[in-house]
Each structure stands twice: as C-alpha cells, then as structure tokens.
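**Student:** Here's a structure for you.
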Amino acid sequence: TPEVAKRHIADFGAPSAVVGVLPPENRPITTTMANWLQGEVQLYLPTDQALPQELVNAFFQAQDSLVLGTLTPEAACAQIQKAVDQYKAQHK
181 TPEVAKRHIA
191 DFGAPSAVVG
201 VLPPENRPIT
211 TTMANWLQGE
221 VQLYLPTDQA
231 LPQELVNAFF
241 QAQDSLVLGT
251 LTPEAACAQI
261 QKAVDQYKAQ
271 HK
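Plus 180 on top of the position in the sequence shown (first one is 1) and you've got this note's numbering.
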C-alpha cells in the first residue's frame with residue numbers, strides 16, 4: 181500500500197514503484213530518478229530485448245542523445261529508422 185511504501189522508502193535504496201512515494205530529501209539523485217520514472221520525463225525501458233545488438237545500440241544512442249538534448253525527438257526517430265534500414269539491407 182502507499183502507506184507501507186512511504187513508511188519504508190528510506191530503506192529501499194531505489195525509487196518506489198508506488199506513484200507519489202518519493203525518497204527522502206537527503207537522496208536527491210534517487211528523488212530525481214523517481215520523478216522521472218513517475219511520469220515527469222516519461223522514461224521507459226525497452227520491452228523487447230530480443231532485438232539485434234546493432235539496433236539496441238542505435239536505440240540507446242538515440243535515447244541518450246535525446247535525454248541530453250543533442251537530438252530532437254524527430255532526429256532520434258530518424259536515427260533509429262536509419263539503423264533499422266541499414267540492418268535490413270545487410271540481412272536480406
């Protein structure tokens with residue numbers, strides 16, 4: 181329950197899966213991660229790890245660049261699509 185999660189969040193050492201339950205203020209990095217995971221930045225993990233390594237690498241590179249602000253969402257999508265097209269061309 182949220183009450184139990186709030187009572188024990190300081191012991192977790194990681195963000196809680198319970199929405200609205202944030203780490204103590206003395207853990208600013210974990211609090212930032214919790215805010216991101218709870219919708220502020222809409223972080224997500226890829227649900228299909230069965231992709232070829234080249235595509236996983238392209239995905240993570242685009243994702244990192246997007247988070248760092250060096251790529252727009254459109255450019256990140258284009259970069260991933262280019263990697264997919266190259267992979268398909270090489271593996272006909």
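Even for Gly, the Cβ is constructed at its ideal location relative to N, Cα and C. Only a predicted model underlies this, so the values are computations on that prediction, with no experimental measurement involved.
Taking all protein chains shown into account, decide if residue 190 is buried (16 or more other Cβ within 10 angstroms of its Cβ) or exposed.
**Tutor:** Sequence index remark: in the sequence shown, residue 190 carries index 10 (1-based). Counting Cβ neighbours within 10 Å, residue 190 comes out exposed, since fewer than 16 surround it.
**Student:** What's the C-alpha gap between residue 188 and residue 215?
**Tutor:** Here residue 188 refers to the residue found at position 8 of the sequence shown. Here residue 215 refers to the residue found at position 35 of the sequence shown. The alpha-carbon separation between residue 188 and residue 215 amounts to approximately 18 Å.
**Student:** Among residues of its own chain, excluding the 5 on either side of residue 181, which ones have a beta-carbon nearer than 7 Å to its beta-carbon?
**Tutor:** By one-based count along the sequence shown, residue 181 stands at place 1. Taken in chain order, the list of residues that qualify is empty.
**Student:** Going along the chain, which residues of its own chain have a beta-carbon closer than 6 Å to the beta-carbon of residue 234, five neighbours each way excluded?
**Tutor:** The residue you call residue 234 lines up with position 54 of the sequence shown. So the list reads 267, once near-sequence residues are dropped.
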